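Colleague:
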Amino acid sequence: MVTRDTHLSGGPQASGRPAEPSSGAAATGAEDAARRTQQGTAYGFLAYLLWGIFPLYFATLRPAGPWEIVAHRIVWTLVLCGLILLIRRDLAWMVALARTPRRLLGVALAGALIATNWGIYTYAVLSGHVTEAALGYFLNPLVTVALGVVILRERLRRLQWTAVGIGIVAAIYLTIDYGSPPWISLALACSFALYSLLKNRLGVSLSALRSLVGETLAILPVAVIILLWLARADATTWGGHGGVHTVLLMTTGIATAVPLLLFAAAASRVPLSTVGLLQFLTPVLQLLCGVLLLGESVPASRWVGFALVWLALAVLSTDMVRQVRRGRRERRARRRSAEGGTGLTDPTPL
Numbered sequence: 540m541v542t543r544d545t546h547l548s549g550g551p552q553a554s555g556r557p558a559e560p561s562s563g564a565a566a567t568g569a570e571d572a573a574r575r576t577q578q579g580t581a582y583g584f585l586a587y588l589l590w591g592i593f594p595l596y597f598a599t600l601r602p603a604g605p606w607e608i609v610a611h612r613i614v615w616t617l618v619l620c621g622l623i624l625l626i627r628r629d630l631a632w633m634v635a636l637a638r639t640p641r642r643l644l645g646v647a648l649a650g651a652l653i654a655t656n657w658g659i660y661t662y663a664v665l666s667g668h669v670t671e672a673a674l675g676y677f678l679n680p681l682v683t684v685a686l687g688v689v690i691l692r693e694r695l696r697r698l699q700w701t702a703v704g705i706g707i708v709a710a711i712y713l714t715i716d717y718g719s720p721p722w723i724s725l726a727l728a729c730s731f732a733l734y735s736l737l738k739n740r741l742g743v744s745l746s747a748l749r750s751l752v753g754e755t756l757a758i759l760p761v762a763v764i765i766l767l768w769l770a771r772a773d774a775t776t777w778g779g780h781g782g783v784h785t786v787l788l789m790t791t792g793i794a795t796a797v798p799l800l801l802f803a804a805a806a807s808r809v810p811l812s813t814v815g816l817l818q819f820l821t822p823v824l825q826l827l828c829g830v831l832l833l834g835e836s837v838p839a840s841r842w843v844g845f846a847l848v849w850l851a852l853a854v855l856s857t858d859m860v861r862q863v864r865r866g867r868r869e870r871r872a873r874r875r876s877a878e879g880g881t882g883l884t885d886p887t888p889l
């Protein structure tokens with residue numbers, strides 16, 4: 540039975556054929572998509588900008604040490620994000636998570652990895668190794684690709700192999716230049732790559748906010764033990780260095796949650812390729828902070844190592860952009876093929 544159009548105007552729908560989207564509707568859809576992309580790009584830019592100036596923020600937390608800063612970061616992040624979920628009455632997922640021990644263990648491991656990453660990064664900033672931290676985040680995409688091969692048995696394309704090869708050469712060169720492996724850089728790159736890998740295996744059933752609450756809740760006992768130990772040893776700076784310092788320690792929760800939520804908003808609005816290219820803003824800004832604002836010196840020979848890493852990232856980014864474009868072409872071709880096969884491209888009524 541054919542359903543006739545109830546609108547006053549006639550058209551293809553009256554013949555039982557699907558109605559063609561009007562040019563106005565198509566234009567509105569395109570405008571909405573463009574607006575979402577612009578918003579997502581802005582959110583992503585802000586997220587990576589905030590992460591990029593973290594060295595300046597953490598430098599203001601002195602004389603607190605890395606252990607104390609990370610412990611406060613865990614506590615205040617949990618307090619802030621937990622309050623948001625409480626206000627939104629979004630706590631039922633915790634019961635479901637507690638009933639799946641395997642996923643609960645995964646969240647706990649993710650929490651341990653991200654706390655390790657935070658600790659290494661904070662130590663790098665407070666000990667005058669911001670440029671090494673920046674190098675770690677430049678290396679992170681290459682380490683992530685390498686982990687995909689080793690752990691997930693992924694097959695790399697030619698350009699990906701080229702990028703990984705150049706990255707290995709860069710790591711060897713920097714090891715020779717430093718006189719030892721760049722441990723801070725490698726530890727940051729590996730800890731975050733492992734964290735990303737574990738999050739990938741856990742899937743997307745937890746939002747960024749829920750995930751952050753679960754991870755910080757899992758490692759909260761460690762943070763509490765650290766703070767109690769520091770207080771017992773009279774080594775804490777909490778409450779003993781003025782109100783401004785105390786407030787700054789409390790803002791570690793805001794500093795952690797805001798960029799992450801901006802990133803989550805960006806990731807849901809823009810293509811992965813855009814997010815992948817924006818991520819390089821963070822280590823660039825960290826490097827500039829270290830050299831221009833915090834007074835760290837980088838020998839000329841070390842810039843060669845950085846240049847090799849940047850070359851590897853350029854190759855990796857080229858491959859990523861090519862794959863995205865190829866995927867778009869294939870989707871358009873399939874769509875045209877499907878439309879041609881069903882006759883939907885012919886607007887003439889029967």
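For the sequence shown, my numbering begins at 540 and goes up steadily by one.
Note that CB positions come from ideal geometry on N, CA and C, so glycine has one too.
Values in this document were obtained by computation on a predicted structure and should not be read as measured data.
Tell me whether the beta-carbon of residue 854 lies closer than 7 Å to the beta-carbon of residue 702.
Modeller: Yes, the pair counts as a contact, with Cβ atoms nearer than the cut-off.
Colleague: In chain order, what residues of the same chain lie with their CB nearer than 6 Å to the CB of residue 874, ignoring the 5 residues before and after it?
Modeller: Once the five neighbours on either side are set aside, residue 874 has no close Cβ partner at all.
Colleague: Expressed to the nearest angstrom, what Euclidean distance is found between the alpha-carbon atoms of residue 792 and residue 721?
Modeller: For residue 792 and residue 721, the distance between alpha carbons rounds to 29 Å.
Colleague: Who are the near neighbours of residue 862 in its chain, counting only those whose CB is closer than 7 Å to its CB and skipping five residues on each side?
Modeller: Closer than 7 Å at Cβ, skipping near neighbours: no residue.
Colleague: Restricting to Cα atoms, I'd like to know which of 570, 583, 577 is closest to residue 890.
Modeller: A question about residue 890 goes unanswered here, because the residues of the chain that appear run from 540 up to 889.
Colleague: Residue range of the alpha helix (DSSP H) that residue 828 falls in?
Modeller: No alpha helix (DSSP H) holds residue 828; DSSP gives it neither H nor E.
Colleague: Where residue 888 and residue 634 are concerned, what is the direct C-alpha to C-alpha distance, given to the nearest angstrom?
Modeller: Low confidence applies here, because residue 888 scores a pLDDT of 38, under 50, leaving its location unreliable; read the following figure in that light. Approximately 56 Å between the Cα atoms of the pair.
Colleague: Is there a Cβ from chain B that is less than 7 Å from the Cβ of residue 746?
Modeller: Of the chains in the structure shown, none is chain B; there is only one protein chain.
Colleague: What's the C-alpha gap between residue 617 and residue 692?
Modeller: Approximately 35 Å between the Cα atoms of the pair.
Colleague: Please state whether DSSP places residue 576 in a helix, a strand or coil.
Modeller: Here residue 576 sits in helix by DSSP.
Colleague: State the DSSP-derived secondary structure class of residue 715, mapped to helix, strand or coil.
Modeller: It is helical.
Colleague: Hey, out of 614, 849, 877, 780, whose CA is closest to residue 765's CA?
Modeller: Answer by Cα proximity: 614.
Colleague: Look up residue 751 in the DSSP assignment and say whether it is helix, strand or coil.
Modeller: Residue 751 falls in the helix class under three-state DSSP.
Colleague: In angstroms with no decimal places, state the Cα-to-Cα distance between residue 820 and residue 770.
Modeller: Going by the C-alpha atoms only, they are around 38 Å apart.
Colleague: By the three-class DSSP mapping on this structure, what secondary structure does residue 870 have?
Modeller: If DSSP states are grouped into helix, strand and coil, residue 870 belongs with the helices.
Colleague: What does a CB cutoff of less than 7 Å around residue 756 pick up in its chain, not counting 5 residues either side in sequence?
Modeller: Closer than 7 Å at Cβ, skipping near neighbours: 617.
Colleague: Do residue 916 and residue 600 have their CB atoms nearer than 7 Å?
Modeller: This structure does not reach residue 916, given that the chain is present from 540 up to 889, and the question cannot be answered.
Colleague: Going by beta carbon distance, what residues of the same chain come within less than 7 Å of residue 830, once the five residues before and after it are set aside?
Modeller: Contacts found: 670, 837.
Colleague: Per DSSP, what kind of secondary structure is residue 668 in: helix, strand or coil?
Modeller: DSSP places residue 668 in coil when its eight states are reduced to three.
Colleague: Check whether the Cβ atoms of residue 579 and residue 747 sit closer than 7 Å, and answer yes or no.
Modeller: Contact: no.
Colleague: Where do the ends of the alpha helix (DSSP H) carrying residue 796 lie?
Modeller: Here the alpha helix (DSSP H) through residue 796 covers 791 to 806.
Colleague: Give every residue of the same chain whose Cβ lies closer than 7 Å to the Cβ of residue 639, excluding the five residues on either side of it in the sequence, and list them in chain order.
Modeller: Closer than 7 Å at Cβ, skipping near neighbours: no residue.
Colleague: Please specify which runs of the alpha helix (DSSP H), each continuous and at least 4 residues long, are wholly inside the region 579 to 646, giving them in chain order.
Modeller: Taking only runs of at least 4 residues, the alpha helix (DSSP H) segments lying wholly in the region 579 to 646 are 593 to 598, 605 to 626, 631 to 637.
Colleague: In whole angstroms, give me the CA-to-CA distance for residue 843 and residue 725.
Modeller: Their Cα atoms are separated by approximately 17 Å.
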